[in-house]
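Written below as structure tokens is the structure these notes are about.
Numbering (the working numbering), first residue to last: 4 to 272.
Take a look at the structure:
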């Protein structure tokens, strides 16, 4: 009787282990790979934070790093990646308009404030007549930079130009500042040569610049430039895309952004 019970128990244990193995094998077999483009810092950190949670749902999140603002959208349109997280909606819309791409912006996740930095002065009041300032040369972030300078009274723009402002929209420049447009990724390197530079956080943080501690001017917290997932139009209902977007809009992600970036990144949900 005891021998029969032992055999029965061992057989039940074998079945349980076998069932577990089959379940694990089935889960692994159903794993979906999701490739998402990101900047090396900030968006990459946020995506890595949600990666374990997505793995529980059978989604293997592959984070592909890009160091510029051009390739992530081209790679997305060419189906080399499934989504990207590095840009705000105005930038994406202008990029798509210029390149004839069909991409869709999902709800915003965080605001990465743009700011004015300098190695030569400690206060914006020290900017003098004829000083040279560098700003991003892409349309939306260039306009964003000009709005920041205009908000500080350093120049005045045509009414209503908003984030699409260009240097041609400057109607008053009392200090006769020389506004130089350069590629966003190179802005930190210009600090040795100019009085100050307006730099996107994407490139400020890797250069050791903290918007809260080091900036002369900082974009307002009510900025409309929230970074979000961009996807190919038509992919909105892909289950893995929906799962990723949902994972990026949780209280845990909000708390991570607040604690990890200590106010230099602002949750927008």
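From the three backbone atoms N, C-alpha and C, an ideal C-beta is built for every residue, glycine too. All values reported here derive from a predicted model rather than from experimental measurement.
Nearest candidate by alpha-carbon position, reference residue i, set the options
{"i": "residue 85", "options": "98, 107, 97", "result": "107"}
{"i": "residue 36", "options": "271, 57, 47, 186", "result": "57"}
{"i": "residue 54", "options": "203, 246, 162", "result": "246"}
{"i": "residue 184", "options": "83, 175, 178, 168", "result": "168"}
{"i": "residue 89", "options": "206, 135, 133, 103", "result": "206"}
{"i": "residue 272", "options": "254, 264, 240, 263", "result": "254"}
{"i": "residue 263", "options": "48, 201, 223", "result": "48"}
{"i": "residue 147", "options": "197, 226, 196", "result": "226"}
{"i": "residue 223", "options": "244, 266, 196, 235", "result": "266"}
{"i": "residue 59", "options": "38, 228, 34, 96", "result": "34"}
{"i": "residue 145", "options": "228, 197, 99", "result": "228"}
{"i": "residue 197", "options": "105, 124, 99, 244", "result": "124"}
Beta-carbon proximity check, residue i vs residue j, cutoff 9 angstroms
{"i": "residue 143", "j": "residue 94", "result": "yes"}
{"i": "residue 215", "j": "residue 180", "result": "no"}
{"i": "residue 199", "j": "residue 120", "result": "yes"}
{"i": "residue 172", "j": "residue 208", "result": "no"}
{"i": "residue 40", "j": "residue 80", "result": "no"}
{"i": "residue 252", "j": "residue 114", "result": "no"}
{"i": "residue 258", "j": "residue 45", "result": "no"}
{"i": "residue 212", "j": "residue 191", "result": "yes"}
{"i": "residue 76", "j": "residue 233", "result": "yes"}
{"i": "residue 188", "j": "residue 71", "result": "yes"}
{"i": "residue 261", "j": "residue 116", "result": "no"}
{"i": "residue 231", "j": "residue 110", "result": "yes"}
{"i": "residue 178", "j": "residue 126", "result": "no"}
{"i": "residue 155", "j": "residue 217", "result": "no"}
{"i": "residue 182", "j": "residue 151", "result": "no"}
{"i": "residue 64", "j": "residue 122", "result": "no"}
{"i": "residue 186", "j": "residue 242", "result": "no"}
{"i": "residue 62", "j": "residue 38", "result": "no"}
{"i": "residue 97", "j": "residue 235", "result": "no"}
Those residues which DSSP pairs with residue i across a bridge
{"i": "residue 201", "result": "119"}
{"i": "residue 73", "result": "Residue 73 pairs with nothing; no bridge assigned."}
{"i": "residue 232", "result": "88"}
{"i": "residue 113", "result": "230, 270"}
{"i": "residue 187", "result": "Bridge partners of residue 187: none, in fact."}
{"i": "residue 163", "result": "DSSP, once it has assigned bridges, lists no residue as partnering residue 163."}
{"i": "residue 157", "result": "Its beta-bridge partners do not exist; DSSP assigns none."}
{"i": "residue 181", "result": "135"}
{"i": "residue 210", "result": "None; residue 210 has no bridge partner."}
{"i": "residue 107", "result": "234"}
{"i": "residue 79", "result": "Residue 79 is not bridged to any residue."}
Boundaries of the beta strand (DSSP E) in which residue i is found, first to last residue
{"i": "residue 246", "result": "Note, residue 246: premise wrong, no beta strand (DSSP E); alpha helix (DSSP H) at 242 to 250."}
{"i": "residue 174", "result": "173 to 175"}
{"i": "residue 147", "result": "Per DSSP, residue 147 belongs to no beta strand (DSSP E); it is in the alpha helix (DSSP H), 142 to 154."}
{"i": "residue 63", "result": "62 to 68"}
{"i": "residue 136", "result": "135 to 139"}
{"i": "residue 216", "result": "Unbroken run through residue 216 is the alpha helix (DSSP H), 214 to 217; no beta strand (DSSP E)."}
{"i": "residue 37", "result": "35 to 41"}
Continuous alpha helix (DSSP H) stretch holding residue i: start and end
{"i": "residue 58", "result": "46 to 59"}
{"i": "residue 274", "result": "Outside the displayed range of the chain (4 to 272) lies residue 274, so it cannot be described from this structure."}
Buried/exposed call for residue i, threshold 16 Cβ in 10 Å
{"i": "residue 141", "result": "buried"}
{"i": "residue 92", "result": "buried"}
{"i": "residue 129", "result": "exposed"}
{"i": "residue 87", "result": "buried"}
{"i": "residue 161", "result": "exposed"}
{"i": "residue 83", "result": "exposed"}
{"i": "residue 175", "result": "exposed"}
{"i": "residue 237", "result": "exposed"}
{"i": "residue 256", "result": "buried"}
{"i": "residue 201", "result": "buried"}
{"i": "residue 102", "result": "exposed"}
{"i": "residue 73", "result": "exposed"}
{"i": "residue 239", "result": "exposed"}
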